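J.:
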Amino acid sequence: MLINVGNKEKVLPKLKTEKSSSKKQARRRKVLDDSATVRARMEELFGKYDWKVVTNKEDLVSFLNTAEEFGFDTETTSLDIFKGELVGLSFGTLDKCIYVPLKHKVGMNYRGDIKEIESILAEKKLFGFNSKFDMKALKLHANLNVKSEWCGYLAARLMNSAEPSNNLKDLYVKYIDPFDETYSFKNLFNKPFDEYDPLIVGGYAAVDAMKHLRLGKWQQANMSENDLKLMYKLEMPLTHDLVDIELTGIKLDIDWCNKLIEELNNELEEIKAELAVEYPGLNPGSPKQVAEWIYDKLKLLDPSNGRGTGEALLAQLDHPLAEKILRYRKAQKMLSTYAAKMPADADDGIIHTTFNQYGADTGRFSSSDPNLQNIPRDPKFRKMFTAREGHMLVSCDYTQQEVYILASLANDATMKEAYSRDADFYAYMASIVFERPYEDCVKGGKHGHLRDQMKSIVLGINYDMGLSSLARGIGKSISETKEIYERFFAMCPGIKPFREERLKIAKEHGYVETILGRKRRLSALHLPDFECEDKEIEKFLNTATNEYVIEKLIEDARAQGIQVIDRRARKAYETRQVVNSAVQGSAADMTKLAIVVANRDEKLKELGCKILMQIHDEIVAEFPEENAEEGGKRLAEIMKDVGTDLIGIEMKVTPTVMKSWE
DNA sequence: AGGATCAGCGCGT
DNA sequence: ATACGTGCTGATCCT
Numbered sequence: 089m090l091i092n093v094g095n096k097e098k099v100l101p102k103l104k105t106e107k108s109s110s111k112k113q114a115r116r117r118k119v120l121d122d123s124a125t126v127r128a129r130m131e132e133l134f135g136k137y138d139w140k141v142v143t144n145k146e147d148l149v150s151f152l153n154t155a156e157e158f159g160f161d162t163e164t165t166s167l168d169i170f171k172g173e174l175v176g177l178s179f180g181t182l183d184k185c186i187y188v189p190l191k192h193k194v195g196m197n198y199r200g201d202i203k204e205i206e207s208i209l210a211e212k213k214l215f216g217f218n219s220k221f222d223m224k225a226l227k228l229h230a231n232l233n234v235k236s237e238w239c240g241y242l243a244a245r246l247m248n249s250a251e252p253s254n255n256l257k258d259l260y261v262k263y264i265d266p267f268d269e270t271y272s273f274k275n276l277f278n279k280p281f282d283e284y285d286p287l288i289v290g291g292y293a294a295v296d297a298m299k300h301l302r303l304g305k306w307q308q309a310n311m312s313e314n315d316l317k318l319m320y321k322l323e324m325p326l327t328h329d330l331v332d333i334e335l336t337g338i339k340l341d342i343d344w345c346n347k348l349i350e351e352l353n354n355e356l357e358e359i360k361a362e363l364a365v366e367y368p369g370l371n372p373g374s375p376k377q378v379a380e381w382i383y384d385k386l387k388l389l390d391p392s393n394g395r396g397t398g399e400a401l402l403a404q405l406d407h408p409l410a411e412k413i414l415r416y417r418k419a420q421k422m423l424s425t426y427a428a429k430m431p432a433d434a435d436d437g438i439i440h441t442t443f444n445q446y447g448a449d450t451g452r453f454s455s456s457d458p459n460l461q462n463i464p465r466d467p468k469f470r471k472m473f474t475a476r477e478g479h480m481l482v483s484c485d486y487t488q489q490e491v492y493i494l495a496s497l498a499n500d501a502t503m504k505e506a507y508s509r510d511a512d513f514y515a516y517m518a519s520i521v522f523e524r525p526y527e528d529c530v531k532g533g534k535h536g537h538l539r540d541q542m543k544s545i546v547l548g549i550n551y552d553m554g555l556s557s558l559a560r561g562i563g564k565s566i567s568e569t570k571e572i573y574e575r576f577f578a579m580c581p582g583i584k585p586f587r588e589e590r591l592k593i594a595k596e597h598g599y600v601e602t603i604l605g606r607k608r609r610l611s612a613l614h615l616p617d618f619e620c621e622d623k624e625i626e627k628f629l630n631t632a633t634n635e636y637v638i639e640k641l642i643e644d645a646r647a648q649g650i651q652v653i654d655r656r657a658r659k660a661y662e663t664r665q666v667v668n669s670a671v672q673g674s675a676a677d678m679t680k681l682a683i684v685v686a687n688r689d690e691k692l693k694e695l696g697c698k699i700l701m702q703i704h705d706e707i708v709a710e711f712p713e714e715n716a717e718e719g720g721k722r723l724a725e726i727m728k729d730v731g732t733d734l735i736g737i738e739m740k741v742t743p744t745v746m747k748s749w750e
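Note that this note's numbering gives residue 528 to position 440 of the first sequence, counting from 1, and the numbers run on in steps of one.
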């Protein structure tokens, strides 16, 4: 496995690490291009390991008979399994490993059908790293069904959501062998793996399998009981489900895509023609050029607040140029990211996304290549995705999933009461907090706007919004907003203690937990606001309360060349993450568990249910037409029961049956 | 000329 | 000083 997943810097935008320089160095290292050099480099890296190439069934079976647990790995010619080939397969014990070449263009390949070892593999515990990729590749290209016991990537994410790198090589050096050299496919090889002789490069593949086992065993021995449970009850079953979900894919309505493409292209041409007349030379896709027109040539805005050209800013301008730019960007986005992108990514008219089941540090999924979790709400674009012949799509979504979870985690009597009534939640909450009759607070009622305000406030609580941004959101003054906020906290007595309790735990232990005990690590909350080489200044800064005095002191100290570390922004950021992660991460727990349970439900199996995708609080599945109605009900029921069991509040799930997604 | 990376932007829950 | 993502284009740096 060559993918480096989930390895993004997640820090305040301003903070930088020294990571980029080492990457540059790696890039400069000379690529190996002649076989003698490759041979020498392979020997240098893998000569110390006990590895060999296996090309016949007897040797393979006899190796597999030596142990019960193996690391495993696959080699492919592309990270997109639908474009690439399966080139080989490797297995490793803790000290021996083998490479089984399947489709090398040079040297000898395995003689026989690898499918024949399926039953042997079923008896073994296979440790992978991002093993979903390998399972997919084996299933797609060799019809070989494998269920991995362990995924080192998922385990690493569970053990430390803030791990600086989730790359196998980095984890291996950090936890298993500090003297092992890190290397990557790219700086070892300059042509596809199948163009090398397995006898020369087999070590590269075989050793990874061994490393997978070594890392996995270390993780099992060192992770908490609860993390182990999450692996075995949630993430591993889920990763097996995702193999099928991703391989199944979702059908595209190509004709409809083409229609959208044509429409958008026409619109873009029109706008470009209009722009060319009055604003010659302007590329509307270039923020820099747009800024030049707005700030320099037309002087529509004063650049003192920066030279941004974002939507909110342009929309205020009320100028034909701004209006055209916005229309252009919208159409360009819809075309390049959606309408044209989907058919381009499809394989035989089917979209196979890749879900990263631990994509976010909260535990949420992400989706890529293509991302199916940010398809525009506009039904025009959702309609690109359609059910197969004779089938229907069923979409089930949790109603206000995160708000239910907030009510449960905070154990807030008012919010729980709101949910126990069969009423509009936000309208009910508005009627309590603003002390108005419920009927007046419903959508379209006399005080319907209070419902909208309540919605913004609850969203604000979830993101731990500051007063000023909330005030902007609901269109009130800061003091009015403050009053509303205070009334909300008074009427919902669970919320404040919940925040404080979570924050206290986070400060003490450095993490916040979801309902299933998934941990999100935070690094700065336990540290003081300020650190300074001059301890007297440090003490003063950390005890002072006057904002102005603090700023002045920092300024003076820095002017004298005294370093001051100011963690206030980071700590405020992490404070917001504490509140949100508990809720967002618990929501992720809920939807993940629902998929696992649904995929094991006998009735759904009988009904021919195939789950196609997850969009955080929504699961989309496909059923044979005649079963869709019943299947939707069953899927919704399962989701509801899983959620209700988890949080102790009756969840609501709405199924929708449709031919195309909407 | 073409690849890698960054900034700015905008789409979703 | 609103949480979590992916990915496009253009700009820029590098080979």
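For glycine and all other residues, C-beta sits at the position ideal for the given N, C-alpha and C.
In this text, all values refer to a predicted model and were calculated from it rather than measured experimentally.
Taking the alpha-carbon positions, what's the Ala225 to Leu174 distance?
T.: Their backbone Cα atoms lie some 7 Å apart in a straight line.
J.: Are Tyr526 and Asn668 close, meaning C-beta to C-beta below 8 Å?
T.: The answer is no: Cβ separation not under 8 Å.
J.: Compare the C-alpha of Gly751 against each of Asn499, Leu259 and Leu363 and name the closest.
T.: Nothing in the structure corresponds to residue 751, since the chain is present only between 89 and 750.
J.: For Gly554, name the three-state secondary structure that DSSP assigns.
T.: DSSP places Gly554 in coil when its eight states are reduced to three.
J.: Can you find the residues in the same chain that come closer than 6 Å, C-beta to C-beta, to Lys52, ignoring five residues on each side of it along the sequence?
T.: For residue 52 there is no data in the structure shown, the boundaries of the chain being 89 and 750.
J.: Once you ignore the five residues that flank Ile683 on each side, which residues in its own chain have a CB closer than 7 Å to its CB?
T.: Cβ neighbours of Ile683 beyond the five flanking positions: Leu326, Asp329, Ile699, Gln702 and Ile707.
J.: Is Val754 near Leu148, with beta carbons less than 8 Å apart?
T.: The first residue shown for the chain is 89 and the last is 750, placing residue 754 beyond what the model contains.
J.: Quick check on the DSSP output: what are the complete alpha helix (DSSP H) runs of length 4 or more inside the region 579 to 625, in order along the chain?
T.: With a minimum length of 4 residues, the continuous alpha helix (DSSP H) runs that stay inside the region 579 to 625 are 583 to 597.
J.: Mapping the DSSP letters down to three states, classify Ala250 as helix, strand or coil.
T.: The answer is coil: DSSP assigns Ala250 none of H, G, I, E or B.
J.: What separation, rounded to the nearest whole angstrom, lies between the Cα atoms of Gly200 and Glu313?
T.: So the two alpha carbons sit approximately 42 Å from each other.
J.: Apart from the five residues just before and just after Lys299, which ones in its own chain have a Cβ nearer than 6 Å to its Cβ?
T.: Tyr260.
J.: Put Met739 into one of helix, strand or coil per three-state DSSP.
T.: Looking at Met739 - three-state DSSP - the assignment turns out to be coil, as it is neither helix nor strand.
J.: Does the Cβ of Asp222 have 16 or more other Cβ atoms within 10 Å, making it buried, or fewer, making it exposed?
T.: Label assigned to Asp222: buried.
J.: Under the three-state reduction of DSSP, which class applies to Pro431: helix, strand or coil?
T.: Note: Pro431 maps to helix in three-state DSSP.
J.: How is Ala498 classed by DSSP in three states: helix, strand or coil?
T.: Correct three-state label for Ala498: coil.
J.: Which residues share a DSSP beta bridge with Trp238?
T.: According to DSSP, Trp238 bridges with Phe215.
J.: For the region 500 to 519 and the region 528 to 536, state whether three or more C-beta atom pairs, one from each stretch, are separated by less than 8 Å.
T.: Short answer: they touch.
J.: Identify whether Met324 lies in helix, strand or coil by the three-state DSSP scheme.
T.: Looking at Met324 - three-state DSSP - the assignment turns out to be helix.
J.: Can you look up Phe522 in the DSSP assignment and give me helix, strand or coil?
T.: Looking at Phe522 - three-state DSSP - the assignment turns out to be coil, as it is neither helix nor strand.
J.: Thr450 and Ala612 - do their beta-carbons sit closer together than 8 Å?
T.: Their beta carbons are not under 8 Å apart, which means Ala612 does not touch Thr450 by this criterion.
J.: Which one of Glu157, Arg470, Ala230 and Glu269 has the shortest CA to CA distance from Tyr292?
T.: Taking only the C-alpha atoms, the option nearest Tyr292 is Glu269.
J.: According to the neighbour-count rule (16 or more other Cβ atoms, all chains shown, within 10 Å of its Cβ), is Val730 buried or exposed?
T.: Val730 should be labelled buried.
J.: Around the C-beta of Glu204, are 16 or more other C-beta atoms found within 10 angstroms, so that it is buried, or is it exposed?
T.: Burial call: exposed.
J.: Drop a sphere of 10 angstroms on the beta-carbon of Arg117, count the other beta-carbons inside from all chains shown, and report buried for 16 or more, exposed for fewer.
T.: In this prediction, Arg117 scores a pLDDT of 38, lower than 50, which makes its location untrustworthy; the coordinate-derived value is nonetheless stated afterwards. Counting Cβ neighbours within 10 Å, Arg117 comes out exposed, since fewer than 16 surround it.
J.: What do you reckon, are the CB atoms on Val741 and Asp512 nearer than 8 Å?
T.: No, these two residues do not count as a Cβ contact at 8 Å.
J.: What's the gap between the Cα of Leu692 and the Cα of Arg722?
T.: Between Leu692 and Arg722, the C-alpha separation is close to 7 Å.
J.: Near Leu414, what residues of its chain come up, given a Cβ to Cβ distance below 8 Å and the 5 sequence neighbours on each side ignored?
T.: Closer than 8 Å at the Cβ level, and outside the excluded window around Leu414, lie Glu399, Leu402 and Ala403.
J.: Closer than 8 Å is the cut-off here; do at least three beta carbon pairs connect the region 487 to 505 with the region 584 to 594?
T.: The answer is yes - the region 584 to 594 touches the region 487 to 505, with three or more Cβ pairs under 8 Å.
J.: Ignore the nearest five residues each way along the sequence and tell me which others in Phe522's own chain have a CB closer than 6 Å to its CB.
T.: Excluding residues within five positions, the ones whose Cβ falls inside 6 Å are Leu538.
J.: I'd like to know if the region 276 to 291 and the region 361 to 368 are in contact, where contact means that at least 3 CB-CB pairs between them fall below 8 Å.
T.: Short answer: they don't touch.
J.: Going by DSSP, what residues sit across from Trp344 in a beta bridge?
T.: Paired residues: none, contrary to the question.
J.: State the DSSP-derived secondary structure class of His479, mapped to helix, strand or coil.
T.: Looking at His479 - three-state DSSP - the assignment turns out to be strand.
J.: Specify the secondary structure class of Lys721 as computed by DSSP and reduced to three states.
T.: Lys721: helix per DSSP, three-state reduction.
J.: If contacts are defined as beta-carbon pairs under 8 Å, then Ile625 and Ala594 qualify, I think. What distance do you get, rounded to the angstrom?
T.: Wrong, their Cβ atoms sit about 27 Å apart, outside the cutoff.
J.: Please report the distance separating the alpha-carbon of Glu477 from that of Thr602.
T.: When rounded, the distance between both Cα atoms is 41 Å.
J.: When you compare the region 348 to 361 with the region 405 to 423, are there three or more beta-carbon pairs, one atom per stretch, that lie closer than 8 Å?
T.: Yes: the two stretches touch, three or more of their Cβ pairs being nearer than 8 Å.
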